Amino acid sequence: MIESRSRTAWLPHLVLALGVAVFVFPIYMALIGSTHDAGIIGRGSLPLTPGGLATENYAQAWSQGSGIRVKAPPVSRMLLNSLVMAVIVAVGKIVVSVLSAYAVVFFHFPGRMFFFWMIFVTLMLPVEVRIIPTFKVVSDLGLINTYGGLTVPLIASATATLLFRQFFMTIPDNLVEAAKIDGAGPLRFFKDILLPLSRTNLAALFVILFIYGWNQYLWPLLITTSRSMDTIVIGITKMIGTGDAQTDWNLIMATAVLAMLPPVAVVVLMQRWFVKGLVESEK
Amino acid sequence: MPRRVIFDGKLLPYLLLAPQVAITLVFFFWPAGQAVYYSFFLQDAFGLRQTFVWFENYKIVLTDPLYLASAWRTVIFSTAVTGLSMASALLLAVMADRQIRGAAVYKTLLMWPYAVAPAVAAVLWLFVLHPTIGILGRSLRDLGFAWDYKLNGAQAMSLVIVAASWKQVSYNFLFFLAGLQAIQKPVIEAAAIDGAGPMRRFWSIIFPLLSPTTFFLLVVNLVYAFFDTFGTIHALTAGGPGKSTETLIYKVYVDGVVNLDLGGSSAQSVILLVVVMTLTAVQFRYIERRVHYG
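Chains as they are written, first to last, in this note's numbering: chain A, 1 to 283; chain B, 1 to 294.
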């Protein structure tokens, strides 16, 4: 655009292709590893081309999980746990945040700012800085090894509340006025006007929060002690153990591929909402 | 900021707020309060009795050479991860911002690692860099380099840095690209007409205009390196060999969950809390500034 760069036109392509290669390389090796037998990998003679055991390895990982040296629940079970966790966390965060933002923006009531700040301050209290006491609360409530314990404590969301609050404040007073004149009460207005207007924001936030829920680590590690409650991200690191050479790497790699697939698919397929959600939720 | 037109309702707004407020009270404020409370007590070995000791736990933690070593390690780790992932992301974003064929395809191909969990990224790199089975790990040894991250602390640290940065580049890339695309092209064209070459244009115009994005990413990346890399470390090295990859957040986990030192771990939590508060405050000062100056 600025100067003719026939001389350097290849440079961006080279750099970007190199970047893509660095991103793809470990994934490629995982795919290759998931198509060979554990022996070849353990001897350190894994080739750069796919082997013929893809079906067997994925079938075994999917329905049994465990191999000769690795003990794990079936991948189908762990994927289900992750899916339940990610969906409940994402939907839960959206629901509680949309409701709180609605209350804070469209009503005047004593304590409005107090509650707003109370939600806002949770930004500064990530799980990591209150590990043991939070664990104690969850265990006192009898929620260890339950989906409730996995998800409910993560459901509050300052970021989502802020995002909806910002969006709600751009809704013109005229619209609210018109709805009131037409006889719409607060719940009617919320359901028939506000939610449909928020559709893109809801989709964008869902993508971000789904990935957030899917990729949780420390929390499920603490809350689940029974292997059948393992999420796939936790399950896979338990499979690795101490990282010995002689283990069922073929199954571990098949599990790794299956663990990445859902969140990566969500990002790629919902790209437009993903970028919007990412850039806006961090503002 | 308050709206002119609002709804009436005495009870309704409280009902709307109730779910979120209940969760924050039970799972955020109460436990955080407990952490502060426990940080002032010393437990006996069986957890039966506790003595109020004022700031003794903090004194113990902050004068513990192991804690200070871990703090220093965290500084090195966070700086490396932030620097590496931001520099490579900026380079990729500048290249993707040029008007080249297939820019949209590159963007798609560069954004997806964001979706990979830190622990899964760790597993992928472990498979590649494992000293006996990893394809790169073996190559390093074949070249005569004594690569074994299970024995060598510095190598373990570099492995954790690579796995943690790899995953974070996409995020930074998307923000840098958005920042670059928001820069008015005529400004850059004017500089080109005045005879500034590509490097000069980048350092004197583009980079300064990008500084709000850079600053924002700096804070976000530090928070990521501090907290979200727990999974990376847990999956790759579990803090070892020795304590060579034990960052502050990993130490809180080890002392609290594994060694069951309630007082010491709580004091460490409170110290981390102060770090988060500082970072969040810095971030919000910046947002305020951006609101004022566009």
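Cβ atoms here follow ideal geometry from the backbone N, Cα and C, with glycine treated the same way. Only a predicted model underlies this, so the values are computations on that prediction, with no experimental measurement involved.
- Rounded to the nearest whole angstrom, the CA to CA distance from Thr49 (chain A) to Gly134 (chain B) is 15 angstroms.
- Spatial neighbours of Gly92 (chain A) in its own chain (CB-CB distance under 6 angstroms, excluding positions within 5 residues in sequence) are listed in chain order as Ile155.
- Between the C-alpha atoms of Leu46 (chain A) and Ser34 (chain A) there is a straight-line separation of about 11 angstroms.
- Taking every protein chain shown into account, the CB of Tyr37 (chain B) has fewer than 16 other CB atoms within 10 angstroms, so this residue is exposed.
- DSSP, read as helix, strand or coil, puts Gln50 (chain B) in strand.
- Listed as beta-bridge partners of Gln43 (chain B) by DSSP are B:Gln50.
- Closest in alpha carbon position to Trp10 (chain A), among B:Asp142, B:Ser269, B:Met95, B:Trp54, is B:Met95.
- From the beta-carbon of Pro13 (chain B), the residues of chain A found nearer than 7 angstroms are Ala103, Phe107, Phe109.
- Within the same chain, Cβ atoms closer than 7 angstroms to the Cβ of Met239 (chain A) are found at Val70, Ala72, Ile252, Thr255, the five residues on either side in sequence being excluded.
- Around the CB of Thr134 (chain A), 16 or more other CB atoms lie within 10 Å, so the residue is classed as buried.
- Ile236 (chain A) has a beta carbon lying within less than 8 angstroms of a beta carbon in chain B.
- For Phe7 (chain B), the three-state secondary structure derived from DSSP is strand.
- Contact fails between the region 233-246 of chain B and the region 96-106 of chain B, because fewer than three Cβ pairs, one in each stretch, are under 8 angstroms apart.
- For Phe206 (chain A), not one C-beta of chain B is nearer than 8 angstroms to its own C-beta.
- Between the alpha carbons of Leu261 (chain A) and Trp125 (chain B) lies a gap of roughly 17 angstroms.
- In the three-state scheme derived from DSSP, where H, G and I count as helix and E and B as strand, Phe55 (chain B) is classed as coil.
- The C-alpha of Val176 (chain A) lies about 10 angstroms from the C-alpha of Phe190 (chain A).
- For the 8 angstroms CB-CB criterion, Ala156 (chain B) and Gly240 (chain B) form a contact.
- Taking a 10 Å sphere around the C-beta of Arg49 (chain B), we find fewer than 16 other C-beta atoms and assign the residue as exposed.
- Among the CB atoms of chain A, one or more fall inside 8 angstroms of the CB of Met277 (chain B).
- With a threshold of 8 angstroms between beta carbons, Trp214 (chain A) makes contact with chain B.
- Within the region 23-42 of chain B, those residues whose Cβ lies closer than 9 angstroms to any Cβ of chain A are, in chain order, Ile23, Thr24, Leu25, Val26, Phe27, Phe28, Phe29, Trp30, Pro31, Ala32, Gly33, Gln34, Ala35, Tyr37, Tyr38.
- Cβ-Cβ distances below 7 angstroms link Val84 (chain A) to Tyr147 in the same chain, with the five nearest sequence neighbours on each side left out; the list follows chain order.
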